Amino acid sequence: MKLTIDGKSVTAKEGLTVLQCAIDNDISIPHLCTHSQLPPFGACRLCIVEIDGVRGYPTSCTTPAAEAMVVRTDTEALQNLRRNILGLMMLEHPSACLVCGRRDLCEQFRPEAEKVGRTTGCHTCNNKEVCEVRSLSEELGFVELPVAPMYHGRPVERSEPFMDRDLNLCILCGRCVRICKHHQGRAVIDFVGRGSQTRIGQAFGNSLLDAGCQFCGACVDVCPTGSLADRYAKWYGRPEAVTQSTCIFCEQACALALGTKKGKLTTAEAVNENVPVCVLGRFAIPEFLNGTDRLSAPHLRVGQRLRQTPWEQALETGAGRLKQFVGDGFALVCDTTSTLEDRHVFRKFTAEVMKSKNYIEIEPDARGISRTSLPAGVKAALLTGNFVDVAALKELELLIVQDCYPTPVSERADLVLPAAVFAEVSGTMLDRSGQGRPLHKACEPPGQAKPEWWIICRLAQAIGTEGFEYESADAIAREMGIANVQLWIERQEAPPAATNFKLRRTYFRGHRIDQKVRGLQQLPVDEPCALEVTQEEHKGAFEILEKREIAPNVHEVIIAAPEVAKKALAGQFVIVMVDEKSERVPYTLCGWDAQKGTITLVVLEKGQSSRKLVLLNAGDKLAHVVGPLGVPLEVKQYGTVVLAAGCYGIGGIVPIAEAMKAAGNRVVVVTEARSHYLHYYKAKLQGLCDEFVETTIDGSVGVKGHAIDAVVQKLRAGEKMDCVIAIGCPFMMMVTAQETKPFGVKTLAALNPIMLDGTGMCGACRVTVGDQTKFACVDGPFFDAHLIDWDELRDRRAAYSAEEIHSLGRTESVVTGQGKGSPCTCSH
Amino acid sequence: MTSLQQAYSTAKVGWDKLQASDVPIFFVGAATCGRAAGATEVLHALRDRIERDKLDVQVVEVGCMGPCSFEPLVIVHKSGAPRVCYANVGPDKVVAILDRYVLGDDPCAEWALGTMPSGKLDGIEALSAHPMMRPQVRNILRNCGLIDPQNVYHYLAREGYRGFLKTLEIGPEKTLEEVKASGLRGRGGAGFPTWRKWQFCRSVPGPTKYLICNADEGDPGAFMNRSLIEGDPHAVLEGMLIAAFVLGASQGYIYCRAEYPLALQRLDVAIAQMRELGLLGDDIQGSGFSFDLSVKKGAGAFVCGEETALIASIEGRRGMPQPRPPFPAISGLFGKPTVIQNVETLGNLPLILRNGAKWYTQYGSETSKGTKTFALAGKITRTGLVEVPLGIKLKDIIYEIGGGVLGGKALKAVQTGGPSGGCIPAKKMDLPVDYEALTQAGSIMGSGGMIVLDEDTCMVDVARYFLSFTQAESCGKCGPCRVGTRAMLSILERIAAGEGQMTDLEKLQSIAQTVKDGSLCGLGQTAPNPVLTTLRYFRNEYEEHIKKHQCPAFVCSRMTSFDIDPHRCSGCGACARVCPVVAISGQKKRPHVIDQGICIRCGMCLSVCPPRYAAVYRRSGELTRYEQRKDEKRKSK
């Protein structure tokens, strides 16, 4: 049929909606709640159009295209309406960063999002790089909120396996509900409640597990915001490369899109959005492959111990010993999780090099268990996985193990060779109907691990045999006559484990998957799981007396630390270790009571260690608190002192305001926050200063903009300021310094680099001030803000960002409010 | 199973006997409104007395007759006299009437509202001449208050199901023609021509079609549908048969809100009676038409009065509306063509089919034919369920039927259409009540709610009230409604608290427009109406709240304070005794004082201060409001 869109005549097939028509003809209409695999919903109201003869503004995603229809998609009225609709949506979604005047500067200075507990703006959101709401707001030109936004303050859910949910970011597009119904055939999650209390939830307040979630992860993949996140991959950001490959956890052979960042696998998603993959395919692979105890270097037994050895020596020694066992006294054991190419080489090696009939290839059972016993008379064995009992080893005179993870068997081997598996290799595997499916290498193996075929080929060559000069898996495939293998993308049915995780494989290559991917321990299968519950014992002397979240993501912690409280002075800080193994982290002293022997800290959850701290409760004990550290602020009569503070800094300036006032200064306090609901300590600060100004980036209360905007306003009005002190994130302090400079106002900033010892020995907190190297712990933390090298500070603070992201990804799901480890929830 | 013909004969005999009964009969109005006024106690007292003295007196429970402010209503039939309708009858009064009139000769004229249907008795005029009843044309409600709603024979005797039999006789096409000629428009609020909705549905091929009766009636203050179902359920059911026959529907659902337990009971009884008479099931009355009915209870959601949400609810899903197209008439319940009609629309059908379209069109205006029921409530002297020809002037309803504003206060506005409607200001009382005129004035007909507001009503507060309702009832699916109503409400609450800015008015207007244009369903699209009409007609009140921090009606408690005039206060202490927060102090016989820091502005002191002193007064901004002082020498009524 023919219809007109924006004056252009287009042809459309029967049964298409106006939106589909437009998309087919390269006419773009903004849309959010639509999804290619789901029937239209009509909730976001952004795809509205004008249609002649139809009242109002129908949604193009739900309106069937009709013959001779006349559609307009981009009139001024539509543009305005869409912008206003988005504006309303943004009242329930932390949107300050979208309207911030310094957005570009911030992007430039610090493109990576902060790894917070509660997201309060784009800058602290894990979805920043791919957020559909962000791109929509750019497209529609969103610049202002109609009224003050509302932050729901719902608990952040981080205790379910694999998925973090922050429903304060949810815009209720309904995609997650719909895809779950589509994939799982029932409403595990649904709209709950009414009016402004509407949210996504489970019936009767059940956990996801109890509600029947199968953890296929489809909801996470369709969420346009950072509300639903893959806990492991969350802070890695958008993958740099995506490679399509096949999952080898089982022979369902689902096609997966593997995402990597800096060569490391971070995410695995279904290629075919119409069919879910199981929890293993979606969530287990990166964690499995990135385990810190992966075998990554060859090891040779020297007496009682396994010593790390270079490949050449390992192969030489191995070859030398193998030569002594040519014949049926040798056995090679593998299973079908090795690629066809690998096994071709294994077979060839066993037959031609070792001249043995004992090539044993195991087909794993439904659980993935590959187990066998060695044939009688075997004296030398090469195992490519954890396939035999330790007991069987006592007959052997030579044991070579080629594997991905250490096991009790590999601990007894004479030679241990690290294998690259899965997404680290290319090759071919067979699916359940015997069809070949390709593996495409997506990421690098750990350390010196090598593809399995490579290891055996080199052994063969070291033994002196010919016919093993393959350059690549492709070369082997060619020899085998494997051609034309396609990814299984067009599958019609979901693999059984995708709709029932109890059916999943629990072993890979002889290793229990849930020992490497701990979230799986919360998903019971029929056998009792060998659970390792790590209980963190919080032995320590520093008891948390009170703890409460005073603003989203901002926690006030009162700790018993009498020695610190006795000596503390304005401007100083402490270093805290939550437990014996945690980082040493500096926190500004926001208050103390020498009489009661307590100190008050204001902590933002921004990474692994602050997270550990905020997950504790009153009554828990911190391992170490050292302080007071740093040079106290020089408190004297300056005249007019302006204290500019953001984030934790609002707490940090409390003692400074007090001290400066006591010293006879006129104290002006300017606090900044993204939005009105992020301000705190207002009454307290008002009581400590002569003038109190609050600013918000979104203008929801007080002056619109950063603290420096209010300060500059005053300076322009001719107000005299003798000293400006800024406490906040480096960006905030940098901008404050840059903009006070033209006015020639003395400005101090409290620097917060990484710290280790805090007493001037290690150099971790080194900063450049003017042309001098200073240490924030013993020379600072306050420095002349106009002289600081802010770029260097930023770079040094990010030094361990990758490690922290990796560590956050491996932290098992946290049960907020309990703080003493996560007990398994299965019935055993 | 009784044959229908047999039933008609039995019914006629029974009814004639009832009309000419030698035995006295008490007809007690015992619908929900009657019960709320105390009809249960009246029935109790009456029955006890009859039992005690073994009197030969009949008691029949009937539905709501209409004049709710006079409830409990009792109509007494005594042989040889016109029936008398008594008003505000309590348990003592009904026994007194029994003694004085039934057992004696005194018709208790001082308690009588009127005779029925006509005739004079001891100075009691006909009820139909009562100013409340005279302008009314009670067609749809013809049986309410007159028949026992649980006795199908009463319905049959009064031409019940004759409309349906006519339909069977003339066939679906001619019936459709008749309905078209009548000009009947949907009475649920939208006013969509009924015949056209049927035609869409008829044109869709397929054997399975559904008819749904929307008895969700969610508007606060609306009770038209409830009264009809409780007083004359068969009228609605007959309407369903007529509609289903024309549509070719095989199954009907009545979606009735769970908050109407009496109506649900009546429906169950009535449906069982239909089956008994062979009016439901296969091959009804040998016509080849098969139809059955099922009742589905609502679960407390206003949004389920919206068509697509209602359908979702019947299907067992969450009541969230869906964009249209597809329209329910094409693809509705379980994906089949479905027509949803309001209770009252269906109640009109038996009349149209029995009496003909020509008869029907004698009532009403050019574009809005027929009569409509309205639930008259608020600051009106005579509240009740009224039925008037469309096109009647609003002032006739308010001043004639309603008896003017309660307490003789000044009329400020009339709110129509519930939370989707708007306020018609006092200066527009000449407005004819029909679909077009109301829409032009910025309101809507709605389902029939009509709330009278007087000088003591704050229009900002009215807007705030309706918006808090729609915000709480929003299903949450689309942003404009879910968030927009909350944003508007937050602005209104700020204005009502004295924290408004003039820029708030533009913001309100702008957000209201976004909500209106962007919302998915009628709830959201009409939620801004109360705000928009109050802004249009009562902008001055908003400005007073903002610029002068005063509420001219002295309603907004954050801007109103209570004080005691020392020149008027006698020190009687009545106020101090009732103050819940002990904010009033003073010695006996000395002027008392209210501590503004403690006062919570509940208004108790104002309500107990004796009118002869009227010492408690209100302040709002620059305004003060004293109560009228009653001279103690004047005789009280």
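One line per chain: the protein sequences are A and B, in this order.
Take 1 as the starting number for the first sequence in the working numbering and just add one per residue.
Take 1001 as the starting number for the second sequence in the working numbering and just add one per residue.
Cβ coordinates follow ideal geometry from the N, Cα and C atoms, glycine included.
These numbers were taken from a predicted model, which means no experiment stands behind them.
query, result
"Three-state class that DSSP yields for MET1604 of chain B in the structure shown", "helix"
"Contact between the stretch 1411-1427 of chain B and the stretch 1441-1458 of chain B (3+ Cβ pairs under 8 Å)", "yes"
"Chain A residues whose Cβ lies nearer than 9 Å to that of LEU1520 of chain B", "GLY42, ALA43, ARG45 and THR59"
"Minimum Cβ-Cβ distance from GLY85 of chain A to chain B less than 8 Å", "At residue 85 of chain A the sequence reads Ile, which differs from the Gly that was named. By this cut-off, ILE85 of chain A is an interface position."
"Residue range of the beta strand (DSSP E) that includes SER245 of chain A", "241-246"
"Residue-chain proximity (GLY1188 of chain B, chain A), Cβ-Cβ < 8 Å", "no"
"Test: ASP1631 of chain B CB closer than 8 Å to a CB of chain A", "no"
"Bounding residues of the beta strand (DSSP E) (the contiguous stretch that carries MET577 of chain A)", "573-577"
"Inter-residue Cα distance where the pair is GLN184 of chain A and ALA498 of chain A", "8 Å"
"Rounded straight-line distance, which links the Cα of GLU240 of chain A to that of HIS343 of chain A", "Sequence check: residue 343 of chain A is Arg here, not His. Taking the straight line from one Cα to the other gives about 32 Å."
"Any C-beta of chain D under 8 Å from that of ARG175 of chain A", "The structure shown contains no chain D; its protein chains are A and B."
"Segment contact flag, the stretch 1405-1420 of chain B with the stretch 1474-1482 of chain B, C-beta cutoff 8 Å, min 3 pairs", "no"
"Backbone CA spacing between THR825 of chain A and ARG158 of chain A [nearest angstrom]", "For THR825 of chain A, the predicted structure reports a pLDDT of 36, less than 50, and the residue's modelled location is therefore unreliable. The matter cannot be settled from this model."
"Boundaries (first-last residue) of the beta strand (DSSP E) holding LYS714 of chain A", "Not the beta strand (DSSP E): LYS714 of chain A falls in the alpha helix (DSSP H), residues 707-716."
"Chain B contact for LEU332 of chain A (CB, 8 Å cutoff)", "no"
"Per-residue contacts from CYS1478 of chain B into chain A (C-beta, under 8 Å)", "GLY42, ALA43, CYS44 and ARG45"
"Closest residue to CYS1108 of chain B among B:ILE1075, B:ILE1140 and B:THR1470 (Cα-Cα distance)", "B:ILE1075"
"Nonlocal neighbours in the same chain, by C-beta distance under 6 Å from ARG1482 of chain B, ignoring five residues either side", "SER1474 and GLY1476"
"CB contact below 8 Å: VAL70 of chain A versus chain B", "no"
"Terminal residues of the alpha helix (DSSP H) in which ALA1112 of chain B lies", "Careful: ALA1112 of chain B lies outside any alpha helix (DSSP H), inside the beta strand (DSSP E) at 1112-1116."
"Residues near THR832 of chain A by beta carbon distance below 6 Å, same chain, minus five either side", "Within the shown structure, residues of chain A are numbered from 1 to 828, placing residue 832 of chain A beyond reach of any answer."
"Beta bridge counterpart(s) of PRO862 of chain A as assigned by DSSP", "For chain A, the structure presents residues 1 to 828; residue 862 of chain A sits outside this window and is missing."
"Length of the line joining the Cα atoms of MET480 of chain A and GLU92 of chain A", "59 Å"
"C-alpha distance - THR428 of chain A paired with GLU493 of chain A, whole-angstrom precision", "22 Å"
"Own chain partners of LEU604 of chain A with C-beta closer than 8 Å, once the 5 adjacent residues on each side are dropped", "VAL116, ASN553, VAL554, HIS555, SER610, CYS647 and TYR648"
"CB contact check: ASP52 of chain A to chain B, cutoff 8 Å", "no"
"Sequence-distant residues of the same chain with beta carbon closer than 6 Å to ILE1401 of chain B, five excluded per side", "MET1132, PRO1135 and VAL1386"
"Supposed close pair ALA749 of chain A, PHE782 of chain A - CB separation, criterion 8 Å", "7 Å"
"8 Å Cβ cut-off: residues of chain A touching MET1320 of chain B", "PHE191"
"Separation of GLY1160 of chain B from GLU1177 of chain B, as counted between CA atoms", "22 Å"
"Limits of the unbroken beta strand (DSSP E) element including TYR1253 of chain B", "1251-1256"
"Whole-Å CB distance - ALA1112 of chain B paired with CYS1085 of chain B, under 8 Å assumed", "7 Å"
"Chain-ordered neighbours of GLY607 of chain A on chain B, where CB pairs are closer than 7 Å", "Near GLY607 of chain A there are no residues of chain B at all, since even the closest Cβ is about 33 Å away, more than 7 Å."
"Contact between the stretch 172-186 of chain A and the stretch 138-153 of chain A (3+ Cβ pairs under 8 Å)", "no"
"ASN1540 of chain B: first and last residue of the uninterrupted alpha helix (DSSP H) it sits in", "1529-1547"
"Simplified DSSP state of PHE1562 of chain B, which is helix, strand or coil", "strand"
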